[in-house]
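Here is the structure we will look at, set down as structure tokens.
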Amino acid sequence: MSVHRSPIHLDTIRSFLGHPAGMIISANQTHVFSLRVHRNKGAWKQNCLYEKEETIDMYRLIQFGVVAMIWFFSALVSWYEGSAILDDPWEWKYSTPFSHWLAGPVVHEHDISQLDYFVYAAKFRPVFPSLLIVCTVYLLILAASYLNQRTFAYVLFVFSATLPGLALPFMDATTTGGTWLAIVLSGCALVCAALGAMTIKNHSVRQAKS
Numbered sequence: 037m038s039v040h041r042s043p044i045h046l047d048t049i050r051s052f053l054g055h056p057a058g059m060i061i062s063a064n065q066t067h068v069f070s071l072r073v074h075r076n077k078g079a080w081k082q083n084c085l086y087e088k089e090e091t092i093d094m095y096r097l098i099q100f101g102v103v104a105m106i107w108f109f110s111a112l113v114s115w116y117e118g119s120a121i122l123d124d125p126w127e128w129k130y131s132t133p134f135s136h137w138l139a140g141p142v143v144h145e146h147d148i149s150q151l152d153y154f155v156y157a158a159k160f161r162p163v164f165p166s167l168l169i170v171c172t173v174y175l176l177i178l179a180a181s182y183l184n185q186r187t188f189a190y191v192l193f194v195f196s197a198t199l200p201g202l203a204l205p206f207m208d209a210t211t212t213g214g215t216w217l218a219i220v221l222s223g224c225a226l227v228c229a230a231l232g233a234m235t236i237k238n239h240s241v242r243q244a245k246s
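Per this note's numbering, residue 37 is the first one in the sequence shown, and the count goes up by one each step.
Printed below as a string of structure tokens:
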């Protein structure tokens, strides 16, 4: 036995929607739909932010790896070039601050600390020691970039104030390497100050927009 189903005409639907109950149902459906759209937009924005953070973290890790390798290579070459102090007794008195501090006056080759290899390289062969300093500052900046923007800016300002202090002993250096290191440290301080100012500015702009 077949059941006869009367077709629902468009006029019937319109009359039902025109009824207060139909209007309530329609309004509720519209409200639910708008909530779903709002939730989908929020989830999409959150996913975009998450993907952006993942990309930035990956980019930072790549930078860490590359700069760390350059740092290691620069340290190795600086150590090797600085070992030439063993054949330069005239500099044992002037280029061995760590040896004097740890064991007193240098009399023989074995009295020289390997840390003084870097001092000698910085004074007379400053290319790789300078690169070593730049890589060290860069790695510190990368590590500090994981902090929030305001704290990151403060750290950069601390770097910009500390690096010139490290450059002061080289200001009156009689060797080309000493002058070179003073310029490198001062340049790194200026870069840190500029980055700190830019970070503060960007943070203020974002707060104003929010």
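Yeah, the Cβ is synthetic: ideal placement off N, Cα and C, and Gly gets one too.
| Item | Value |
| --- | --- |
| Let me know if Val143 comes out buried or exposed under the rule of 16 or more other beta-carbons within 10 Å of its beta-carbon. | exposed |
| Pop quiz: Ala158 and Gly101 are said to be a contact at Cβ under 8 Å. What is the actual Cβ separation, rounded to whole angstroms? | Contact doesn't hold; Cβ gap of about 26 Å is too wide. |
| Could you check whether the region 147-157 touches the region 129-139, counting it as contact only if at least three pairs of C-beta atoms, one from each stretch, sit closer than 8 Å? | yes |
| Please report how far the alpha carbon of Val68 lies from the alpha carbon of Met94, in whole angstroms. | A caution first: Val68 carries a pLDDT of 48, below 50, which makes its placement in the model too unreliable to give a value. |
| Would you kindly work out how many angstroms separate the C-alpha atoms of Phe160 and Ala120, rounded to a whole number? | 10 Å |
| Would you call the CB atoms of Leu199 and Trp107 closer than 9 Å? | no |
| Of all the alpha helix (DSSP H) runs that stay within the bounds of the region 161-204, which reach a length of 4 or more residues? | 163-180 |
| Are Ala229 and Leu175 close, meaning C-beta to C-beta below 9 Å? | no |
| Nearest CA to the CA of Thr235: which residue from Gly201, Arg186, Leu202? | Arg186 |
| If Ala189 and Gly232 are in contact, beta carbons under 8 Å, what's the gap, nearest whole angstrom? | 5 Å |
| Can you list, in chain order, the residues of its chain whose CB lies under 7 Å from that of Ser114, leaving out five sequence neighbours each side? | Phe154, Ala157, Phe164, Pro165, Leu168 |
| Using a Cβ-Cβ cutoff of less than 8 Å, which residues in the same chain neighbour Tyr216 once the five nearest sequence positions on both sides are dropped? | With the sequence shown as reference, residue 216 is identified as Trp, and Tyr is not the correct amino acid for it. Hits under 8 Å: Pro162, Ser166. |
| Is the distance from the Cβ of Tyr182 to the Cβ of Arg96 below 9 Å? | yes |
| Sort Leu221, Gln99, Phe109, Asn184 by Cα distance to Ser240 and report the nearest one. | Asn184 |
| Can you name, in chain order, every residue of its own chain whose Cβ lies under 6 Å from the Cβ of Glu117, other than the five neighbours on each side? | Ala157, Arg161 |
| Suppose the cutoff is 8 Å on Cβ atoms and the five residues either side in sequence are ignored; what does the same chain contact list for Leu178 look like? | Arg96, Gln99, Phe100, Val103 |
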